[in-house]
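In what follows, a structure is listed as structure tokens, so that the remarks can point back to it.
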Amino acid sequence: MMNVDSEKQERVIDAFRRWGYLQANLDPLGHFAPLPHPELDVTGDTADAARRIYSGSIGVEFMHIPDPERRQWIQERMESLDELPVDRSRVLDRLVRADVFEQTIHSRYIGTKRYSLEGNTALIPLLDEILSSGSDDGAEQAVLAMSHRGRLNVIINIVSRPAAEIFAGFEDVDPRSVLGGGDVKYHIGATGMFTAANGRQVRIHLVSNPSHLEAVDPVALGRARAKQTRIGRDGKLKVLPVLMHGDAAFAGQGITAETLNLANLRGYTVGGTVHIIVNNLIGFTTNPTDAYSGRFSSDLAKRLPIPIFHVNGEDADAVVRAGRMALEYRYEFGSDSVVDLIGFRRHGHSEVDDPTITQPILYRKIKDHPLLYQIYAKNVGLDPQPHVEKFQAELDAAQKAGKSMAKKPVMRQLPSYWAPFHGGPYNPADEVDTGLSAEKLHTITDGLVKYPEDFHIHPKVQKLLEQRREMGYGKRPLDFGMAEALAFGSLAVGGIPVRLSGQDSRRGTFNQRHSVLIDIVDEKEYVPLCHLAANQARVEIYNSELAEAAVMGFEYGYARDYPETLVMWEAQFGDFANGAQIIIDQFVAAGEDKWDLLTGLVLLLPHGHEGQGPEHSSGRIERYLQLSARDNMQVCQPSTAGQYFHLLRRQVLRKWRKPLICFTPKSMLRHPEALSPLAELEQPRFLNVIPDESALDASRVLLCTGKIGHELRMERKKLTGSGPAIVSLEQMYPFPEDEVRAVLGRYKNAHEFLWVQEEPANMGALSFVTPRLKRILGPKVRSIKRAANSTPATGSAKAHELEQKTLITLALGKPE
Ligand SMILES: Cc1ncc(C[n+]2csc(CCOP(=O)(O)OP(=O)(O)O)c2C)c(N)n1
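Just so you know, we're using my numbering here: the sequence shown kicks off at 241 and counts up by one.
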């Protein structure tokens, strides 16, 4: 039994554990006023002691964590914080490096943007601590992501790139090497070796980053997951993800919320991420009161039961201790944790920006504020001068070396698993055969339709598996679902891992996949694709959270670090991919040109006008074609199950690593015209263009892509005459010009060539293919399409049918 006094004391301590962070001394400039709280309005020795712990330079939010063991863990550490040793000489050295680097660049490249870290230079000792402690706990690699602020500082002082490379960036050496491509210096990725306090090395991967704030977060996590998967059992121990955020961006960008939500999902967990909010209490010109509705930028992180350590960025010892706790929490519980590093921004948003116009009072104060290393040296009684002189001499030499660099430095080294792969322009020599013998297909089929004897299968699924057996043995034509399963299965059996994620992807939105069988008695799962052969490769298919940007970003990152895997992200309906437009624009389409980084990511985008309304109709072919240039990606629409099989296999069997935008069917999944005989899978390759062998003497040739071709063929059967030829363009980009020319050239009697699409005139492939067809056929190319519209389709199913009928009638109509 507690006596009254100790009960009272416990209540006081509990109040500080709960609310102490509201009165912590967090803002170096004192603008962030402590928030009164009635439970903290207490005096006495117990209150003083609790106040010193919970309202000092660290304010921790952790009482929202439901697990008492985790709360206890934090409590114990906070309450013995002073005992945590800090290597002050090391901290001082890191602060000197951080401050002197910025000062040197500032004085030597006046008026050049660098997005200085000054005001938050404690980030460098903080990262130093996290990575050093991480190394103690087993980290051998770390995946770091951050935006512009302080990036160059981190590249030198944490990633350990030679400073000469940064100077070469400021000198802008070798501009010709990046004509039309490349990226600004504060976005480019870097790899290097960090030397931990224990003397061991941690390999650092700083992820290339677009300007779009926080978009890199899921990419970094996908990369970490891929690295962890490659390592296997100890992957989560050995690969540590650290995400750095801006305060305004963390609070404002939706992708942060999407990314946090991945933390504990089985397909996406990375065993805990350490988040650092590099919080300067300003976003460009915007004050926190206009940037986030809560008190802290970090409030969003409370969507997860994880600790948030707010720390005063000017108490470097406290910063280091907060970093240690966050890191150890990650390792102890496999959980995310957050350090909210609160400082200020010494200059304008960039160094060419004058902040005194928008925050005059703040910047009067900042003007005379000493550098952090000076404050720290004074507080801890160490002489900074030897550190300053040593580092200054290093920088002087580096500047000289940087100026004389003939080539733009490449700040990263790709891991060896990238060696067999390449990007660049398409080369037909990269083609490989993707067909399989009937025998092999039978064997894979056996595995695909099998399940344990005691497994209680759903009758509908049982029927489907029976049909699949017939398909795999050539007794009935294959549909898309079976073609896909055979593609995945054959790759896995051949040692190539397969990873697919998207909303409801395990069953498939259109009831087409059934990759995971669910026992109807106990809901146990059985994945036939994982039981095909003893030494087969991994097959992972996940239902994702209901988000697009973070999930696609994650898969992009995964594909970046696992080029041997077939990695796919699937949209529920193709148009939902626009929720991930940033990932598409900034990573998928542009990654190779900006950063010389390749990916073989596949986007599966269900597409086709089926009367389901303005949404759910279009995968927005036009948008991908507009982004296509310099052979940066492939845009394809396989019209048959067999073509889909070859396309998936081609994607990973070739050594050419390019994103594949693949428009997939919905109703056409089982459309008789889209089914394939097993023999189609035995054919050597994917066909970029499918000629119409049945109508070689046609006078009219219709060229189209996807489902409309099948509808045209069905309707053509009803004609009395032979009707036009219907040629299917299966790969839109890279545009197979020679093949199109050769196929069209076979129609010797044709005097009319029409592009037919079901999309409105301002959408679909029309404006992309027209100039290319004109190059082949001359100016007379005409087209049949819906009238230009602001939405892809009508909301009325009947109106859709009318429109579709008109389209088809016009296309099949008599030649003029
Ligand atoms: C998605 C997006 N919107 C707008 C911008 C333009 N922008 C660049 S930095 C910045 C302010 C960021 O503030 P904060 O997140 O606090 O980071 P800080 O620059 O203060 O370190 C803005 C609005 C951007 N880069 N990305």
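Ideal Cβ positions, reconstructed from N, Cα and C, are used throughout, including at glycine.
- Around the beta-carbon of Arg-257, 16 or more other beta-carbon atoms lie within 10 Å, marking it buried.
- In the three-state scheme derived from DSSP, where H, G and I count as helix and E and B as strand, Thr-1049 is classed as helix.
- Of the residues assessed, Ser-372 falls on the buried side of the cut-off, its CB having 16 or more other CB atoms within 10 angstroms.
- Taking every protein chain shown into account, the CB of Lys-643 has fewer than 16 other CB atoms within 10 angstroms, so this residue is exposed.
- At least one heavy atom of ligand 1 is found less than 7 Å from the C-beta of Gly-523.
- A distance below 8 Å separates the beta carbons of Ile-582 and Leu-521.
- Spatial neighbours of Ser-730 in its own chain (CB-CB distance under 8 Å, excluding positions within 5 residues in sequence) are listed in chain order as Leu-676, Lys-680, Leu-681, Ile-684, Arg-889.
- Nearest to Phe-695 by alpha-carbon distance, out of Leu-567, Pro-610, Asp-759, is Asp-759.
- By the neighbour-count definition (other C-beta atoms within 10 Å, threshold 16), Glu-323 is an exposed residue.
- Val-479 is not a Cβ neighbour of Val-578, given a cutoff of 8 Å.
- In the three-state reduction of the DSSP assignment, Met-318 falls in the helix class.
- Residue range 1006-1017 is occupied by the alpha helix (DSSP H) that includes Lys-1014.
- Looking at the DSSP output, Tyr-613 sits in no beta bridge, so it has no partner there.
- Look at Val-518 here: in three-state DSSP terms it is strand.
- The beta carbon of Met-484 is closer than 6 Å to those of Met-386, Ile-516, Val-518 in its chain, skipping five residues each way along the sequence.
- Taken through DSSP and simplified to helix, strand or coil, Asn-751 comes out as coil.
- Under the three-state reduction of DSSP, Ala-817 is assigned to helix.
- Assignment of Leu-461 by DSSP, reduced to helix, strand and coil, places it in the helix class.
- The Cβ atoms of Ala-678 and Glu-922 lie closer than 8 Å to each other.
- Straight across, the Cα-Cα distance linking Gly-853 with Leu-1042 is about 14 Å.
- In this structure, the beta-carbon distance from Val-791 to Glu-785 falls below 8 Å.
- Asp-339 and Thr-513 have their alpha carbons spaced roughly 27 Å apart.
- By the Cβ criterion, the region 432-448 is in contact with the region 361-376, since at least three pairs of Cβ atoms, one from each stretch, lie closer than 8 Å.
- For Ser-448, the CB stays at least 7 Å from every heavy atom of ligand 1.
- Note on geometry: alpha-carbon atoms of Val-282 and Trp-259 lie some 13 Å from one another.
- By the beta-carbon neighbour count (other beta carbons within 10 angstroms, threshold 16), Thr-960 is exposed.
- With a beta-carbon spacing of about 18 Å, Ser-868 and Trp-809 fall beyond the 8 Å limit used to define contacts.
- The residues Leu-838, Lys-895, Trp-896, Arg-897, in chain order, have a CB closer than 8 Å to that of His-662 in the same chain once the five nearest residues on each side in sequence are set aside.
- At least 8 Å separates the beta-carbon of Ala-455 from that of Asp-719.
- Under DSSP, the beta-bridge partners assigned to Thr-526 are Gly-523.
- Relative to the non-hydrogen atoms of ligand 1, the Cβ of Gly-486 comes within a distance shorter than 7 Å of at least one.
- Inclusion of Ala-430 and Ala-488 in the CB contact set at 8 Å is not warranted, their separation being larger than that value.
- At a Cβ-Cβ threshold of 8 Å, Asp-423 and Lys-834 count as neighbours.
- In the structure shown, Leu-704 adopts helical secondary structure according to DSSP, grouped into three states.
- Look at Ala-382 here: in three-state DSSP terms it is strand.
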